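Numbering (the numbering used here), first residue to last: 2 to 202.
Here a beta-carbon is modelled for each residue, glycine too, at the ideal position from N, C-alpha and C.
These numbers come from a predicted model, not from an experiment.
Single-structure report; data block below.
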């Protein structure tokens with residue numbers, strides 16, 4: 002889930018708990034001022050990651066600005082939770098060699114996605130029903146799904162998504178859990194950014 006914490010994060014957490022599923026939450030640092038306790042609650046049902054301080058297009062920034070966006074958020078999340086933050090997702094998935102270098106300097110693991118739920122783009126995002134149908138059709142073991150925790154249609158779709166996973170004997174896990182249970186192959190690692198898209202053949 003991207004772009005939290007926010008006013009509806011608790012709904013997403015409640016649904017995940019009810020279904021016994023877990024998730025990774027990529028948080029925007031400036032949102033912590035309004036919801037300072039939420040990251041700790043998110044850790045109870047998953048993992049958290051850095052989604053920058055202001056959610057900018059990082060590829061338009063100088064290296065020092067990119068570093069500040071990541072470092073400020075990472076430090077704030079560590080203060081809020083008492084846990085080190087090692088996961089990072091660039092806003093909009095926009096990254097280049099400079100973003101990659103700055104993330105590496107901070108010891109961050111960049112996490113993109115293999116499936117976009119369509120909940121936010123193109124605006125105003127897909128309907129709840131379409132989100133459920135899209136994910137039922139596309140999700141496979143090892144998929145990393147992009148969703149947004151504070152969008153009405155996402156929260157409306159989430160029970161259906163989790164129910165479908167359960168019916169297929171799948172469940173949602175955190176990115177760290179996924180990497181332990183289903184590590185990337187050597188071919189995927191060598192393919193780099195294309196390793197999860199199927200474009201590495």
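| query | Based on Cα-Cα distance, which residue from 146, 143, 138, 117 lies nearest to residue 165? | reply | Start at 1 with the first residue of the chain shown, and residue 165 comes out as number 164. Nearest C-alpha to residue 165: 138.
| Applying the criterion that 16 or more other CB atoms from any shown protein chain within 10 Å of the CB defines a buried residue, is residue 51 buried or exposed? | As a working note, residue 51 is residue 50 in the chain shown. Result: buried.
| query | Given 8 Å as the limit, is there contact between the stretch 27–34 and the stretch 69–88, that is, 3 or more CB pairs closer than that? | reply | yes
| field | Any C-beta of chain C under 9 Å from that of residue 23 | value | Although the question refers to chain C, the structure presented lacks it and comprises just one protein chain.
| message | Taking only three categories from DSSP, how would you classify residue 25? | response | Working through the chain shown from its first residue, we reach residue 25 at position 24. Strand.
| DSSP three-state call for residue 46: helix, strand or coil? | Here residue 46 is taken as the residue at index 45 of the chain shown, counted from 1. Residue state, collapsed to three classes: coil.
| request: Answer with buried or exposed for residue 102, where buried requires no fewer than 16 other C-beta atoms within 10 angstroms of its C-beta. | output: For the purposes of this step, residue 102 is identified with residue 101 of the chain shown, where counting begins at 1. Per the 10 Å Cβ criterion, exposed.
| task | To the nearest angstrom, report how far apart residue 97 and residue 69 are at their CA atoms. | result | Taking the chain shown and counting its residues from 1, one reaches residue 97 at position 96. Taking the chain shown and counting its residues from 1, one reaches residue 69 at position 68. Each residue's alpha carbon lies about 17 Å from the other.
| Using the rule of at least 16 other Cβ atoms within 10 Å of the residue's Cβ for burial, across every protein chain shown, is residue 34 buried or exposed? | Translated into the one-based positions of the chain shown, residue 34 becomes position 33. Per the 10 Å Cβ criterion, exposed.
| task | Starting from the C-beta of residue 155, find all residues in its chain whose C-beta is less than 6 Å away, skip the five residues before and the five after it, and write them out in chain order. | result | As a first step, residue 155 must be located in the chain shown, where it is residue number 154. Taken in chain order, the residues that qualify are 120, 148, 149.
| field | For residue 86, the three-state DSSP class (helix, strand or coil) | value | One-based indexing of the chain shown puts residue 86 at position 85. Correct three-state label for residue 86: coil.
| query | Count the other CB atoms within 10 Å of the CB of residue 143; is the residue buried (16 or more) or exposed (fewer)? | reply | Position 142 of the chain shown, counting from 1, holds the residue named residue 143. With fewer than 16 other Cβ atoms from the protein chains shown falling within 10 Å of its own Cβ, residue 143 counts as exposed.
| In whole angstroms, what separates the C-alpha of residue 187 from that of residue 193? | Working through the chain shown from its first residue, we reach residue 187 at position 186. Working through the chain shown from its first residue, we reach residue 193 at position 192. Roughly 10 Å between the two C-alpha positions.
| In this structure, does DSSP put residue 116 in helix, strand or coil? | As a working mapping, residue 116 is identified with position 115 in the chain shown. Strand, per DSSP.
| query | Secondary structure at residue 140, three-state DSSP: helix, strand or coil? | reply | Taking the chain shown and counting its residues from 1, the one referred to as residue 140 is at position 139. Note: residue 140 maps to coil in three-state DSSP.
| request: Find the nearest neighbour of residue 178 within the set 81, 53, 54, 46, judged by alpha-carbon distance. | output: Start at 1 with the first residue of the chain shown, and residue 178 comes out as number 177. The shortest Cα separation from residue 178 among 81, 53, 54, 46 belongs to 46.
| query | Taking Cβ to Cβ, would you say residue 22 is nearer than 9 Å to residue 174? | reply | By 1-based counting over the chain shown, the position of residue 22 is 21. By 1-based counting over the chain shown, the position of residue 174 is 173. Going by C-beta atoms, residue 22 is nearer than 9 Å to residue 174.
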